[in-house]
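First to last, the protein sequences are chains S and V.
First residue of the first sequence: 122, per the working numbering; consecutive thereafter.
First residue of the second sequence: -1, per the working numbering; consecutive thereafter.
What follows is a single structure, written as structure tokens, with notes after it.
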Amino acid sequence: DTGVSQNPRHKITKRGQNVTFRCDPISEHNRLYWYRQTLGQGPEFLTYFQNEAQLEKSRLLSDRFSAERPKGSFSTLEIQRTEQGDSAMYLCASSLSLAEGDEQFFGPGTRLTVL
Amino acid sequence: AQTVTQSQPEMSVQEAETVTLSCTYDTSESNYYLFWYKQPPSRQMILVIRQEAYKQQNATENRFSVNFQKAAKSFSLKISDSQLGDTAMYFCAFMKRSGGGADGLTFGKGTHLIIQP
Chain S
122 DTGVSQNPRH
132 KITKRGQNVT
142 FRCDPISEHN
152 RLYWYRQTLG
162 QGPEFLTYFQ
172 NEAQLEKSRL
182 LSDRFSAERP
192 KGSFSTLEIQ
202 RTEQGDSAMY
212 LCASSLSLAE
222 GDEQFFGPGT
232 RLTVL
Chain V
-1 AQTVTQSQPE
9 MSVQEAETVT
19 LSCTYDTSES
29 NYYLFWYKQP
39 PSRQMILVIR
49 QEAYKQQNAT
59 ENRFSVNFQK
69 AAKSFSLKIS
79 DSQLGDTAMY
89 FCAFMKRSGG
99 GADGLTFGKG
109 THLIIQP
């Protein structure tokens, strides 16, 4: 399967714990995006990488959220000191900057439940 | 900032019928892309169709077509000969052409489309 993969698919944690999610983009894609989707809403853009550079992070929801993409391959999204309001689906997408319209290919998401 | 509005939370049609999903958007940008994405139940989001704002011709992909009205900032999706597999959430999305993709996609709240047998 050469699509975007995300792990874990589900994460249940207690309030105050830290969690980390992983995204593996399509191998030749240099752009990587993170989104959050809450129930009944469309995805909300969080951050963007071009290769290993994080070019947009002002939309991260708070300073508890951080993302990395070492070596421009996989990416991780970390949430520190989780709160119940962080419960959501976290989606990763990748694209190739040379592709017209920058079509983004989405992964299956990681569903986070904070108890 | 851009906003995308989908005013139909849910729609239901019979198999083989034609259905139109509505989307309006607000932006001060002149160059941008518009997308319709489909999110089937418990499955990942996939692109249905894409429209470049600088193109006057409406995009079509097999049974899917759009009605793009730039002046009205309207971007509706028409699904012809609807099939059971079309049942899904449909999201309208916007992306600026400038900025190199750094703004990501702006999505509407979605329309839940149900195709009845």
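Backbone N, C-alpha and C define an ideal beta-carbon position, used for all residues, glycine too.
{"Query": "Contact set between S:G161 and chain V, taken where Cβ atoms lie within less than 9 Å", "Result": "P7, K107, G108"}
{"Query": "The beta strand (DSSP E) enclosing S:S216, as first and last residue numbers", "Result": "209 to 216"}
{"Query": "Residues from the region 43 to 73 of chain V in contact with chain S, defined by Cβ distance under 8 Å", "Result": "M43, I44, L45, R48, E50"}
{"Query": "Cutoff 7 Å: S:L153 Cβ touching any chain V Cβ", "Result": "no"}
{"Query": "Chain S within 7 Å of V:G83, Cβ atoms only", "Result": "no"}
{"Query": "Inter-residue CB distance, S:Q138 and S:M210 (contact presumed, cutoff 8 Å)", "Result": "Actually they do not touch by this definition, with Cβ atoms about 18 Å apart."}
{"Query": "Three-pair Cβ contact test at 8 Å for the region 15 to 27 of chain V versus the region 75 to 86 of chain V", "Result": "yes"}
{"Query": "The beta strand (DSSP E) enclosing V:K76, as first and last residue numbers", "Result": "72 to 77"}
{"Query": "Which of helix, strand or coil DSSP assigns to S:Q138", "Result": "coil"}
{"Query": "At least three beta-carbon pairs within less than 8 Å, the region 83 to 93 of chain V to the region -1 to 14 of chain V", "Result": "yes"}
{"Query": "Integer-rounded CB distance, given that V:L82 should sit under 8 Å from V:M9", "Result": "About 15 Å; that fails the 8 Å criterion."}
{"Query": "Coarse secondary structure for S:K192, derived from DSSP in three states", "Result": "helix"}
{"Query": "For V:S80, three-class secondary structure by DSSP", "Result": "coil"}
{"Query": "S:A174 classed as buried or exposed, judged by whether at least 16 other C-beta atoms fall within 10 angstroms", "Result": "exposed"}
{"Query": "Interface residues of the region 163 to 176 of chain S facing chain V [CB-CB below 9 Å]", "Result": "G163, P164, E165, F166, L167, T168, Y169, Q171, L176"}
{"Query": "Integer Cβ distance of S:E204 from S:V235, believed to fall under 8 Å", "Result": "6 Å"}
{"Query": "Option in S:R232, S:I133, S:R202, S:D207 with minimal Cα separation from S:C213", "Result": "S:R232"}
{"Query": "Neighbour-count burial assignment, V:Y52, 16 or more Cβ in a 10 Å radius", "Result": "exposed"}
{"Query": "Alpha-carbon to alpha-carbon, V:E50 and V:F62", "Result": "16 Å"}
{"Query": "Any chain V beta carbon closer than 7 Å to S:P129", "Result": "no"}
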